[in-house]
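*Asks:* My questions all concern the structure below.
Residue numbers (the numbering used here): 2 to 579.
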């Protein structure tokens, strides 16, 4: 019925089926750690909401059909005996369906309709289409049958509790087609202008063009590169609501936000292939910078959270981003970046430094991005070496920007600030063989078995040689067969699924690998890269991974993990290019 699909195959249990720009996906994942038997249309407008349920139906018996589900970037298929149903994205807000030998029941997930919740269902007499309107997403979902027939419809115009939906099918041996649109209030009646097979081909070509651009170096040596590209491509949404630019969400599962450090890794991975999208990723949280200079904790379609912040890795990111962009930034762009980065840095130097102190502090582990790391066990309002190191790098980047912009006095002050911050970090927090944390109120100091205490390796070439050597040795102790455990596996606080108390994470991996390499510890950097790449090739792109088994944990379609794989794989391929 359709040509053989192309592109990497993937499990919908792990990765949702979607397309670049769309705010909805097709997936069995309905909420955090909640998996359904059937696939659903899940929208990420106004939160994560499963709206429609898809149930394949045996065309002969009318009973639920036992199907096998397969997916590639351009085509999702339910297979039932000699029958099948195919689904493909025609555009960011429209999917096309085609069935043969198998019908499809489409129903509202919410059975109960109240004046403020649920899904209303009716047949539109103007277009002849069937429409579901969702209170939760604030959008309409219009189903237009293009061929075949509606063999059953129920719950139309019903209020209260009801089963609302329709079944689409065809006579024995026939095929049927339909379109589902996510729309606002109204648009012209849907008309198919493209054959289904051409819809599939166009979707495949769109993804292939993206993958060829973002990973032109991919080969049999980088078997996960195509799927990593798909994770990024399919998690991208168009501007809508509070999302001011095209954005790569962390996932189109339940981690459907842009957090204000996660975005940095996606920007870096995209920079050579799609510089405009990369610049948008870096800039998006800065669009919501507040009057103090602080970035929000996270941004999504309908909320901006400010109860925490994220670490200032943006200077480190911007330095790498500028080197990876195919064209230099112009004067206006540099000026805007300088102003935004200056305000973000001033936030840490003012709002987050106690009077008379040289170093800033976190107010909670969430501010560090390492929410529950053991560094924060004794106290939460804490001065840490990782924060001082990231701020030092940011001050260096501001000095470089100011120099380019002809602001010589500013550049001098930023360089002095970097020197003072690093000197204070070494003087106040380096205990000879390790960095310690200090309570911002109590003044007490302590060490931990968290990899967070070793993150000053990100300073790379700026570190004294003896400090870098000591950090490298301690980092190596965190290295398991799968990568860097965020808590020493021998620690009594280690937890296999302990979030930042054991599992392997992509951002820590990239930051440590880069710092080690810049500090001259290439062997260890190579080993960390090799193990993390092998981990992704075997276990996918989960939010984090069990450090002792490699098993993917939490959200299984996390874009910064895919971005980290692409960054490390690209660098490895280029280092070993003939």
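The C-beta atom is built at its ideal place from N, Cα and C for all residues, glycine as well.
This structure is a prediction, so every number in the text was calculated from the model and none was measured.
On the DSSP bridge assignment, give the partners of residue 18 in chain order.
*Replies:* As a first step, residue 18 is located in the chain shown; it is residue number 17 there, counting from the start. Answer is 27.
*Asks:* Where DSSP assigns a beta bridge to residue 57, which residues make up the other side?
*Replies:* Here residue 57 refers to the residue found at position 56 when the chain shown is read from its first residue. According to DSSP, which records beta bridges pairwise, residue 57 is partnered with 105.
*Asks:* In terms of DSSP beta bridges, what is residue 345 paired with?
*Replies:* As a first step, residue 345 must be located in the chain shown, where it is residue number 344. Residue 345 pairs with nothing; no bridge assigned.
*Asks:* What does a CB cutoff of less than 8 Å around residue 568 pick up in its chain, not counting 5 residues either side in sequence?
*Replies:* Indexing the chain shown from 1 puts residue 568 at position 567. Counting only Cβ-Cβ distances below 8 Å, and skipping sequence neighbours, we find 266, 269, 270, 511.
*Asks:* Sorted by chain position, which residues of the same chain lie with C-beta nearer than 8 Å to residue 197's C-beta, five sequence neighbours on each side aside?
*Replies:* Sequence index remark: in the chain shown, residue 197 carries index 196 (1-based). Closer than 8 Å at the Cβ level, and outside the excluded window around residue 197, lie 3, 87, 89, 97, 99, 178.
*Asks:* Which partner residues does residue 51 have in the DSSP bridge list?
*Replies:* Stepping through the chain shown from its first residue, residue 51 is reached at position 50. DSSP output for residue 51 lists 43 as bridge partner(s).
*Asks:* Quick test of your reading: residue 239 and residue 93, contact by CB under 8 Å. State the CB separation rounded to the nearest angstrom.
*Replies:* For the purposes of this step, residue 239 is identified with residue 238 of the chain shown, where counting begins at 1. For the purposes of this step, residue 93 is identified with residue 92 of the chain shown, where counting begins at 1. The Cβ separation is near 6 Å, so the contact holds.
*Asks:* Among the residues of its own chain, which have a CB less than 7 Å from the CB of residue 570, if the five just before and after it don't count?
*Replies:* Residue 570 sits at position 569 when you count from the first residue of the chain shown. So the qualifying residues of the chain are 223, 226, 534.
*Asks:* Which class does residue 437 belong to by DSSP, given the choice of helix, strand or coil?
*Replies:* Against the chain shown, residue 437 aligns to sequence position 436. DSSP places residue 437 in coil when its eight states are reduced to three.
*Asks:* Taking three-plus beta-carbon pairs below 8 Å as touching, is the region 303–316 in contact with the region 380–391?
*Replies:* Segments in contact, yes.
*Asks:* How is residue 2 classed by DSSP in three states: helix, strand or coil?
*Replies:* Position 1 of the chain shown, counting from 1, holds the residue named residue 2. With a pLDDT of only 41 at residue 2, under the threshold of 50, the placement of this residue in the model should not be trusted, and no figure is reported.
*Asks:* Can you give the Cα-Cα distance for residue 446 and residue 437, rounded to whole angstroms?
*Replies:* Here residue 446 refers to the residue found at position 445 when the chain shown is read from its first residue. Here residue 437 refers to the residue found at position 436 when the chain shown is read from its first residue. So the two alpha carbons sit approximately 6 Å from each other.
*Asks:* Considering residue 541, what are the terminal residues of the beta strand (DSSP E) in which it resides?
*Replies:* Residue 541 sits at position 540 when you count from the first residue of the chain shown. It is not in any beta strand (DSSP E) - residue 541 carries neither H nor E in the DSSP assignment.
*Asks:* Taking DSSP's pairing of strands, which residues face residue 133 in a bridge?
*Replies:* Along the chain shown, read from residue 1 onward, the residue named residue 133 stands at position 132. DSSP lists 122, 142 as partners of residue 133.
*Asks:* In the DSSP assignment, find the unbroken alpha helix (DSSP H) run with residue 90 in it and report its ends.
*Replies:* Along the chain shown, one-based indexing puts residue 90 at 89. No alpha helix (DSSP H) holds residue 90; the beta strand (DSSP E) holding it covers 84–92.
*Asks:* Using DSSP's beta-bridge definition, name the partner residues of residue 429.
*Replies:* Start at 1 with the first residue of the chain shown, and residue 429 comes out as number 428. In the DSSP output, where bridge partners are listed per residue, residue 429 has none listed.
*Asks:* Residues in its own chain within less than 6 Å of residue 299 by CB, not counting five upstream and five downstream?
*Replies:* Within the chain shown, residue 299 is the residue found at index 298, counting from 1. For residue 299, where only same-chain residues beyond five positions count, the Cβ hits under 6 Å are 258, 260, 306.
*Asks:* Between which two residues does the alpha helix (DSSP H) carrying residue 562 extend?
*Replies:* The sequence position of residue 562 within the chain shown is 561, counting from 1. Unbroken alpha helix (DSSP H) run through residue 562: 560–576.
*Asks:* Can you tell me the Cβ-Cβ gap for residue 41 and residue 302, rounded? I've got them flagged as a contact below 8 Å.
*Replies:* Here residue 41 refers to the residue found at position 40 of the chain shown. Here residue 302 refers to the residue found at position 301 of the chain shown. With 8 Å as the limit, residue 41 and residue 302 do not qualify as a contact, their Cβ atoms being about 18 Å apart.
*Asks:* Can you tell me whether residue 407 is buried or exposed? The criterion is at least 16 other CB atoms within 10 Å of its CB, across all chains shown.
*Replies:* Translated into the one-based positions of the chain shown, residue 407 becomes position 406. When all chains shown are included, residue 407 counts as exposed.
*Asks:* How many whole angstroms separate the CB atoms of residue 494 and residue 450, which I take to be in contact at a CB cut-off of 8 Å?
*Replies:* As a first step, residue 494 must be located in the chain shown, where it is residue number 493. As a first step, residue 450 must be located in the chain shown, where it is residue number 449. Their Cβ separation, rounded to whole angstroms, is 7 Å, which keeps residue 494 and residue 450 in contact under 8 Å.
*Asks:* Take residue 5 and list the residues in its own chain whose beta-carbon comes closer than 6 Å to its own, dropping the five residues that flank it on each side.
*Replies:* As a first step, residue 5 is located in the chain shown; it is residue number 4 there, counting from the start. Residue confidence for residue 5 is low, a pLDDT of 47 falling below 50, so the modelled location carries little weight; the figure read from the coordinates is stated next. Here the set comprises nothing.
*Asks:* Which residues in the same chain as residue 353 place their Cβ atom closer than 7 Å to its Cβ, once the five residues preceding and following it in sequence are excluded?
*Replies:* Here the question's residue 353 lines up with position 352 in the chain shown. Excluding positions up to five away in sequence, the list reads 361, 362.
*Asks:* Quick one: residues in its chain with C-beta nearer than 7 Å to the C-beta of residue 297, no 5 flanking neighbours on either side, listed in chain order?
*Replies:* The residue you call residue 297 lines up with position 296 of the chain shown. 261, 286, 289, 305, 306, 307, listed in sequence order.
*Asks:* With distance defined between alpha-carbon atoms, name the residue in 456, 538, 466 nearest to residue 483.
*Replies:* Within the chain shown, residue 483 is the residue found at index 482, counting from 1. Cα-wise, what sits closest to residue 483 is 538.
*Asks:* Taking residue 153 as part of the beta strand (DSSP E), name the residues at either end of that continuous run.
*Replies:* Walking along the chain shown from the start, residue 153 turns up at place 152. Where residue 153 is concerned, the enclosing beta strand (DSSP E) stretches over 150–155.
*Asks:* If residue 574 sits next to residue 218, beta carbons under 8 Å apart, how far is it from one beta carbon to the other, in whole angstroms?
*Replies:* Here residue 574 refers to the residue found at position 573 when the chain shown is read from its first residue. Here residue 218 refers to the residue found at position 217 when the chain shown is read from its first residue. That pair is a contact at about 4 Å.
*Asks:* Comparing C-alpha positions only, which one of 152, 162, 566 sits nearest to residue 118?
*Replies:* For the purposes of this step, residue 118 is taken as residue 117 along the chain shown, with counting starting at 1. Checking every option, the nearest Cα to that of residue 118 belongs to 162.
*Asks:* Between which two residues does the beta strand (DSSP E) containing residue 181 stretch?
*Replies:* Taking the chain shown and counting its residues from 1, the one referred to as residue 181 is at position 180. Where residue 181 is concerned, the enclosing beta strand (DSSP E) stretches over 176–184.
*Asks:* Does the beta-carbon of residue 465 have 16 or more other beta-carbons within 10 angstroms, so that it is buried, or is it exposed?
*Replies:* Counted from its first residue, the chain shown places residue 465 at position 464. Exposed, because fewer than 16 other Cβ atoms sit within 10 Å of the Cβ of residue 465.
*Asks:* Is residue 515 closer than 9 Å to residue 321 when the C-beta atoms are compared?
*Replies:* Along the chain shown, read from residue 1 onward, the residue named residue 321 stands at position 320. Along the chain shown, read from residue 1 onward, the residue named residue 515 stands at position 514. Cβ atoms of residue 321 and residue 515: closer than 9 Å.
*Asks:* Does any heavy atom of the ligand FMN sit closer than 8 Å to the C-beta of residue 406?
*Replies:* Ligands in the displayed structure: none, and consequently the ligand FMN is not present.
*Asks:* Three-state secondary structure (DSSP) at residue 451?
*Replies:* As a working note, residue 451 is residue 450 in the chain shown. Three-state DSSP puts residue 451 in a strand.
*Asks:* Going by the CB atoms, is the gap between residue 84 and residue 60 shorter than 9 Å?
*Replies:* Working through the chain shown from its first residue, we reach residue 60 at position 59. Working through the chain shown from its first residue, we reach residue 84 at position 83. The answer is yes: Cβ separation under 9 Å.
*Asks:* Could you tell me the distance, in whole angstroms, from the CA atom of residue 442 to the CA atom of residue 71?
*Replies:* If you number the chain shown from 1, residue 442 lands on position 441. If you number the chain shown from 1, residue 71 lands on position 70. Cα to Cα, the separation comes out at about 56 Å.
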